[in-house]
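**Student:** Each residue of the sequence shown is one higher than the last, beginning at 48 in the working numbering.
A virtual CB, placed ideally from N, CA and C, is assigned to each residue, including glycine.
If you scroll down you'll find the structure; I have some questions about it.
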Amino acid sequence: MSDLEQAIAEYETAINCLTNPPEMTTETTEETPIETKVLNLLNARDRLQIALTQVPSISNDNLTKIQKLDSIIQETKNKNAIAPILTTLRPIFNPDTTAWWWFLESVQPESKLKKWNWFFKIASITNITVRPTSMSNSEIFISYAWKGDSEAIADALEKTFQQKDIKIIRDKTNLGYKGLIRKFMQQIGQGKFVIIVISDKYLKSKNCMFELLEIAKNGNFYNRIFPIVLPDANIYDAVERLQYVNYWDEKIENLNQAIKNVKEVTNLQGITEEINLYRDIRNKISQLTDTLQNMNTLTVDEHLNTDFNPIITAIEKQLNQENTRLEDVEKKKQ
């Protein structure tokens, strides 16, 4: 039995002890006080919550069982029995306000396990095994060039995703004053879901291209990116793509020439790293843009007119595939 299954079993036992107390026998000296039963139930639910956060995946069967157990303690008769005791216990234990079972009297029946609703919907359709995560708590990054149409698209993405309770991570929102830019760009490069807004300016920006290189360096490039290609990004013709290769060749030549004009070519920290970045971009940009031009990324208008639904659907699909993969890994461990 896994730790999660053990936690579910203990939670079920605590509920049964409270709602279906054993009959008194000649060997029973006294019944367990209800205050003790309630505290045992709360502690069992706390342990279950911890177990949920520690497993890499959770099956639909376990998820359904948890929902049924939670619904039992939210039944009116049980809630009325537990609620008065909670007002005494809360000041003593000071529980986290997100632990709804400690605040049972304020929980509405229809809101129980609200955060799992998206998963039950998916599971009922596809009969898959899911993890205790969703788009609402997944890290979804945007890589884009500042100003102009690119930033307007990023703003529209962020607004639309916020309305759907999906958190977007982007520099102007999440990178605070004195935040480390290179570290943040590396974080984008490690993201499982990265929306990239490709424009001519993006393909000529050392920072944007650094992010794209980081995404590629961390592997599974095709599955992790969700591109939006602006009309001025000339990636659909080989001759036009070569213009970007020439652009970075010129950047390398100009910086090389500037370095030659320096009398003492020592202690040029940051300068040599930059020319190395230019060379890396120049060597990879043809391959990366070829991958991008081979993807059906739809038009900007199609994304705007559908509130970016194709991207949301694609991320959901990718999330489900990741959940299934992790569940398979977990099964092999058992």
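If distances are taken between C-alpha atoms only, which option among Ile362, Ile318, Leu88 and Ser153 comes closest to Ile62?
**Tutor:** Leu88
**Student:** In whole angstroms, give me the CA-to-CA distance for Gly195 and Ile105.
**Tutor:** 43 Å
**Student:** Please specify which runs of the beta strand (DSSP E), each continuous and at least 3 residues long, are wholly inside the segment 227–273, giving them in chain order.
**Tutor:** Taken in chain order, the whole beta strand (DSSP E) runs of length 3 or more contained in the segment 227–273 are 240–245.
**Student:** Looking only at its own chain, which residues have a Cβ that is under 8 Å from the Cβ of Leu116, when we skip the five neighbours before and after it?
**Tutor:** Ile55, Tyr58, Glu59 and Ile62
**Student:** So what does DSSP say about Lys379, is it helix, strand or coil?
**Tutor:** Look at Lys379 here: in three-state DSSP terms it is helix.
**Student:** If I measure Cβ to Cβ from Asp279 and keep anything under 7 Å in the same chain, skipping five residues before and after, which residues do I get?
**Tutor:** Ser246 and Asp247
**Student:** Going by DSSP in three states, Ser185 sits in which element: helix, strand or coil?
**Tutor:** coil
**Student:** Which value, in whole angstroms, describes the spacing of the CA atoms of Ile215 and Phe231?
**Tutor:** The alpha-carbon atoms of Ile215 and Phe231 are separated by roughly 14 Å.
**Student:** Just verifying my parser: in three-state terms, what is the DSSP assignment at Ile275?
**Tutor:** Of the three classes helix, strand and coil, the one that applies to Ile275 here is strand, per DSSP.
**Student:** Using the beta-carbon count (16 or more within 10 Å), is Trp137 buried or exposed?
**Tutor:** The amino acid at residue 137 is misidentified as Trp; the sequence shows Arg. Classification for Arg137: exposed.
**Student:** Ala146: which of Val309, Ile97, Asn281 and Ile189 sits nearest, CA to CA?
**Tutor:** Ile97
**Student:** For Ile213, does the three-state DSSP call read helix, strand or coil?
**Tutor:** Correct three-state label for Ile213: coil.
**Student:** Could you check if Gly317 is buried or exposed, using at least 16 other CB atoms within 10 Å of its CB as the buried criterion?
**Tutor:** Counting the other CB atoms within 10 Å of its CB gives Gly317 a total below 16, which places it among the exposed residues.
**Student:** What's the call for Lys168, buried or exposed, on a 16-neighbour Cβ count within 10 Å?
**Tutor:** Only weak support exists for where Lys168 lies, its pLDDT of 41 falling under 50; the coordinates are left without a value.
**Student:** How many whole angstroms separate the CB atoms of Ser190 and Ile235, which I take to be in contact at a CB cut-off of 8 Å?
**Tutor:** 6 Å
**Student:** Report the start-end ranges of each alpha helix (DSSP H) in the segment 279–320 that is 4 residues or longer and not cut off at the edges.
**Tutor:** 285–307
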